[in-house]
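The structure under discussion appears below in the form of structure tokens.
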Amino acid sequence: MSGHNQFALLRQRRFLPFFVVQALGAFNDNVYRQAIIGLLFYLGVSEEQRSLYTTLAPAIFILPYFLFSALAGQIADKLEKSRLIVITTTMEIVIMSMAAVGFITENLPFLLVALFCTGMQSTLFGPVKYSVLPSVLKPEELTGGNGLVEMGTSISILSGMIIGGSVFLLAGSYGPIVAATAVIALAICGNIAARLIPKVDAGDPNLKINWNPLPESRVVLRMARQQKAVRNAILGVSWFWFVGTVLTSQLPNYALANLGGEPKLYLFALALFSVGTGVGSLLCEKLSARTVEIGLVPLGAFGMTAFLLDLYFARSGEATVHGLTIGTFLQQPGSIRIVIDLIGIGLFTGIFVVPLFALIQSRTRTSEMARVFAALNIQNSGFIVLAAITGLVLQRFLGWSSPQMFLALAIANAVVAIWIFTIVPEFLMRFLSWLLVRTLYRLRLHGIEKHVPDEGPALIVCNHVSYMDALILSATIPRPVRFVMYYRIFRIPVMSWIFRTAKAIPIAGAKEDPALMQRAFEEIDAALAAGEIVGIFPEGALTKDGEIAAFKSGVEKILERRPVPVVPMALKGMWSSMWSRRDTRLGRMRVPRRFRAHIEVIAGEPVDGASVDADQLEARVRALRGDAA
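Numbering (the working numbering), first residue to last: 741 to 1369.
Below, the structure written as structure tokens:
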């Protein structure tokens, strides 16, 4: 596992054709849109007309997302997905042929009609795009796969904008022909790649399609709100689009007015942000240890805020020198700081959004996946429009500068992040768990994504070696786990807040506090009845010698009342780490020897809770752990 490389997916047919289709689609969309702007300059239309078309074009492209997303989600859930991708890429060939006619005839209204059709095609492709990944990737590959897709999309958008904007500059009078040829050729390449995608079964082939977009839009939006974590993950993704829209819309003016650059400097600034986003997206798999780690979301949010704030302070006033090339800008005092800020914003943006996509995919039913992503597209569109209106109001009517917009965005991002983490403490709790665990230990995970169920109740049983065991398991299991723990550990300062936030269940021995013990069993049963995961350490105490003690009968009492699936798990390497009972308190602090110890977390195949006892579970945990304490 440690030798896994997410780029290996790019050599596999189950992923590569889909990746190519998505990258080519994003590339072609942006080549087309920028080529339209290039045509405006080529035709020498007035500045007023250029402003009209450049304002109208994004609105025309995004309108289909409001109109057809609900329908697209239904179709994507009903049809076999590789077939649907072939259909949408065939549509792209037809639409780009229309666009080619518009370029050759230099007919701007016709090009805008084709742009609307391009938006419609993107709307149909959107829900199937992210709903395919959970079907073709293993659970432990989900974060890495999403990271690759986000990286590819980010780089494709940037490349498309550069190439599309350069067509008429480089080709001159041949610009219309070159633009027409390029968009058709890219569409054909995308269609060829689509035909190589393996078959992906429909989520709900018996679904009855409602062709009325308005009531169905309400239905898919309600569907997306069924789970609090998914609902707020969708909100987080939409906020990502809001931040990205505001930031990228300000970069042209910022590059000219505040950095003193020529027009090419804007593309350089955009490239820094895009490359940062791609790198951050790729880092997610490494940082998450190949799990769906929503603890990265607060890290991404805090990083975005920090670099946005620094971008304001790096250059808050207008430039004193103008007409700078990329080379001369880099020679200016403070330029490297700005470069780092733009890369940093992009990097933490990638870290922020990729786990959110993976969370939505991992916690949404397969039969509803495409419709949930359709709801995401509707909400994203709304946030993009809101971002455009916000930028317009703040700049045109209030006279805010680009650095002031960055400052406002940093403050707004912090406020939104705090709000989301307040209403869904799981995000922040996971972040703290992730930070503590990955600071103290080096983890290797086995079988967790495969054996821990994505939904429904389950009981986790594990050996108990150190005071950090519950924290380690909560940081490695994708779903929230309600741990049963000794009440004195539950009350440890600072850690207590994390345990309470995670809804841990304190328990005491029958001789210590029989009432607390009874309340604990009742709370365990209620949690399982509600479809939650409960984690227990059946030994009842930390090991004193590194060996696994006999499992107590408490686990049997739980299963007698509610025979849910039981997932045996084992911790390996914890005995030699910090916070075990291997040494005295003074010995535990031998940091050079025990800090960043190699730990393995292993999950076994679930067993039927109705036919298993404490001795059998103990034997399974012993087998998983082996001889290594």
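For every residue, glycine included, the Cβ atom is placed at its ideal position computed from N, Cα and C.
Just tell me which of the options has its CA closest to the CA of residue i.
i, options, result
"A1312", "A1343, G1294 and I917", "Strictly speaking, residue 1312 in this sequence is Lys, with Ala absent from that position. The shortest C-alpha separation from K1312 is found at A1343."
"H740", "G1122, K878 and F1113", "In the structure displayed, the chain extends from 741 to 1369; residue 740 sits before or after that span and is not available."
"A1148", "E1108, D1050 and F1097", "D1050"
"G1020", "P938, V1037 and G1063", "V1037"
"E1262", "I1247, D1348 and E1252", "I1247"
"A933", "L1180, V1361, L756 and K818", "L756"
"S1351", "S1316, P1303, V1361 and R1362", "P1303"
"C1024", "T1089, L1012 and S978", "T1089"
"L1282", "E1252, M1225 and T883", "M1225"
"S1014", "I897, G1043, I776 and P1305", "I897"
"A942", "L1172, V872 and L999", "V872"
"G905", "L780, I827 and I833", "L780"
"L764", "T1162, S791 and E832", "E832"
"A1011", "F1047, V1079, K948 and G1057", "V1079"
"E880", "L796, K1190, A1154 and K1251", "K1190"
"L1048", "F1008, A1098 and V983", "V983"
"A1363", "A1029, A1310 and I1298", "A1310"
"T1130", "I1076, I1200, S989 and V1094", "S989"
"I825", "A969, Q762 and G1139", "Q762"
"M901", "F1008, R823 and A1098", "F1008"
"K948", "L1299, D817 and I1212", "D817"
Buried or exposed, going by whether 16 or more other CB atoms sit within 10 Å of the CB of residue i?
i, result
"Q1258", "exposed"
"P1218", "buried"
"Q861", "buried"
"R962", "exposed"
"Y1006", "buried"
"W981", "buried"
"I776", "buried"
"K939", "exposed"
"G813", "buried"
"Q789", "exposed"
I'd like the list of long-range same chain contacts for residue i, defined as Cβ closer than 6 Å, with 5 residues on each side in sequence excluded.
i, result
"A964", "I974, V1112 and A1115"
"L1087", "G1016, V1019 and G1020"
"M1109", "S871 and G943"
"M1329", "Since pLDDT at M1329 reaches only 49, below the 50 mark, its modelled position is unreliable, and no value is offered."
Going by beta carbon distance, what residues of the same chain come within less than 8 Å of residue i, once the five residues before and after it are set aside?
i, result
"E1296", "D1353 and A1354"
"A1250", "M1257"
"F1123", "S978, W979, W981, F982 and T985"
"S1102", "P874, P879, L882, V1032, D1194 and P1218"
At the level of alpha carbons, what is the spacing between residue i and residue j?
i, j, result
"L783", "N847", "10 Å"
"D1367", "D1081", "49 Å"
"N993", "M1145", "11 Å"
"L1168", "I1264", "24 Å"
"S1316", "L1175", "20 Å"
"R751", "F758", "12 Å"
"M1208", "I1288", "16 Å"
"T845", "L851", "10 Å"
"Q967", "S957", "18 Å"
"A840", "I815", "28 Å"
"A1068", "I1238", "Correcting the residue identity first, residue 1068 is Thr in this sequence and not Ala. About 50 Å."
"Q1356", "T1216", "24 Å"
"E1166", "G1040", "15 Å"
"I928", "A922", "10 Å"
"V1372", "A766", "One cannot answer for residue 1372 here, as it falls past the ends of the chain, which runs 741 to 1369."
"F747", "L888", "8 Å"
"E1340", "R1184", "5 Å"
"S1206", "A1337", "13 Å"
"V1201", "F856", "55 Å"
Quick one: what does DSSP say residue i is sitting in, helix, strand or coil?
i, result
"H699", "What is shown of the chain runs 741 to 1369, which leaves residue 699 out entirely."
"R1365", "helix"
"M1257", "helix"
"K948", "coil"
"R1302", "coil"
"G1286", "coil"
"A1343", "strand"
"R1222", "strand"
"Q861", "helix"
"A1266", "helix"
"G1275", "strand"
"G1001", "strand"
"R1184", "strand"
For residue i, which residues from the same chain have a beta carbon less than 7 Å from its beta carbon, with the 5 sequence-adjacent residues on both sides left out?
i, result
"S837", "I924"
"T858", "D769, Y772, F801 and I835"
"F908", "G778, L779, F781, Y782 and G915"
"E1345", "H1191"
Any heavy atom of the ligand ATP within a distance shorter than 6 Å of the CB on residue i?
i, result
"F982", "Looking at this structure, you won't find the ligand ATP or any other ligand, since it has none at all."
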